[in-house]
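Take 67 as the starting number for the sequence shown in the numbering used here and just add one per residue.
In this text, a Cβ means the ideal position worked out from N, Cα and C, and glycines have one as well.
Below is one structure, written out as structure tokens, with a few remarks after it.
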Amino acid sequence: MTELARLKFYATQPHPCSYLPDEQATTLFLDPSQPMDAGVYAELSELGFRRSGDHLYRPHCQRCTACVPARIPTDRFTPNRQQRRIFKRNQDLTVTKARPSFKEEYYELYARYIELRHSDGDMYPPNREQFTTFLVRDLSFSHFYEFRLNGRLLAVAVTDVLPNGLSAVYTFYDPDEEQRSLGRYAILWQITECARQHLEAVYLGYWIKNCRKMNYKTQYRPIELFINQRWVSLN
């Protein structure tokens with residue numbers, strides 16, 4: 067294990083929360099001079115850290131503990147009836163692993179997704195610099211998984227492959243293909259891929275009880291939440 071105590075962390079000044087109105091957020095970042103090492107990243111993911119671009123971070127708010135890290139243990143996951151239907155509905159898709167890169171095909175899909183599904187979020191309006199800084203990083207463990215139908219790109223799951231599991235960084239998809247439930251399918255596919263690679267869990271980022279956009283995460287059971295410095299299972 068890495069001696070985590072030797073690592074340096076920095077906290078931001080309070081800023082408006084992206085998820086809960088009227089709340090102020092503070093974020094704890096790993097010192098950006100620390101090399102982006104998969105081993106350190108894996109250990110910090112066990113403590114609730116996530117990656118955004120070149121940064122590892124977690125919420126560090128003084129008055130609020132609403133952001134709860136969530137992960138799916140792959141060896142105990144059993145899809146429910148709806149999830150089995152979603153999986154079957156998308157069996158005609160081809161999934162290919164690619165290195166993170168800027169392509170107009172990727173950006174156009176991302177921009178349409180943000181514009182039509184997240185126009186109320188802090189990533190709106192999308193732009194090429196934002197897309198590149200957030201997702202296109204030259205990291206050995208980061209991959210773009212392309213979901214295609216007869217060659218047409220329908221979704222991209224940006225996924226980090228770590229020694230302890232897969233970290234689902236971000237997924238964007240064609241908003242016109244709503245009947246496919248592509249966001250949910252991407253998670254189901256990553257759970258299957260995680261099990262195929264004999265890894266322990268898919269890390270889903272943060273779940274917030276009072277945030278409607280986060281509700282989908284607890285539909286995957288069992289799910290584990292990081293509460294009081296330990297992972298607690300919800301069956």
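Cα-Cα separation between R178 and R72, rounded to whole angstroms: Indexing the sequence shown from 1 puts residue 178 at position 112. Indexing the sequence shown from 1 puts residue 72 at position 6. Taking the straight line joining both Cα atoms gives about 43 Å.
Give me the DSSP bridge partner(s) of L219. Looking up residue 219 in the sequence shown gives position 153. L219 is bridged to R214.
If you compare alpha carbons, which of A267, Q285, Y269 is closest to K275? Working through the sequence shown from its first residue, we reach residue 275 at position 209. With distances taken between Cα atoms, K275 lies closest to Q285.
Just verifying my parser: in three-state terms, what is the DSSP assignment at E290? What you label residue 290 is simply residue 224 of the sequence shown in a count that begins at 1. Collapsing the DSSP output to three states places E290 in a strand.
Given a cut-off of 7 Å, decide if N146 and P251 are closer than it, judged by their beta-carbon atoms. Mapped onto the sequence shown, residue 251 falls at position 185. Mapped onto the sequence shown, residue 146 falls at position 80. One point to set straight first is that residue 251 is Tyr, not Pro, in the sequence displayed. No, these two residues do not count as a Cβ contact at 7 Å.
On a Cα-Cα basis, can you pick out the residue from E266, E69, V222, F292 that is closest to D141? Numbered from 1 along the sequence shown, position 75 holds the residue referred to as residue 141. Of E266, E69, V222, F292, the residue nearest in Cα terms is E266.
What are the residues that DSSP puts in a beta bridge with L228? Within the sequence shown, numbered from 1, the residue matching residue 228 stands at position 162. BP columns for L228 point to G231.
Roughly how many whole angstroms lie between the Cα atoms of S208 and V224? Here residue 208 refers to the residue found at position 142 of the sequence shown. Here residue 224 refers to the residue found at position 158 of the sequence shown. Separation of S208 and V224 (C-alpha to C-alpha, rounded to the nearest whole angstrom) is 7 Å.
Reducing DSSP to helix, strand and coil, say where V202 ends up. Here residue 202 refers to the residue found at position 136 of the sequence shown. The answer is coil: DSSP assigns V202 none of H, G, I, E or B.
Top-ranked residue by Cα proximity to E174, from I152, V222, A136: The residue you call residue 174 lines up with position 108 of the sequence shown. E174 has its Cα closest to that of V222, out of I152, V222, A136.
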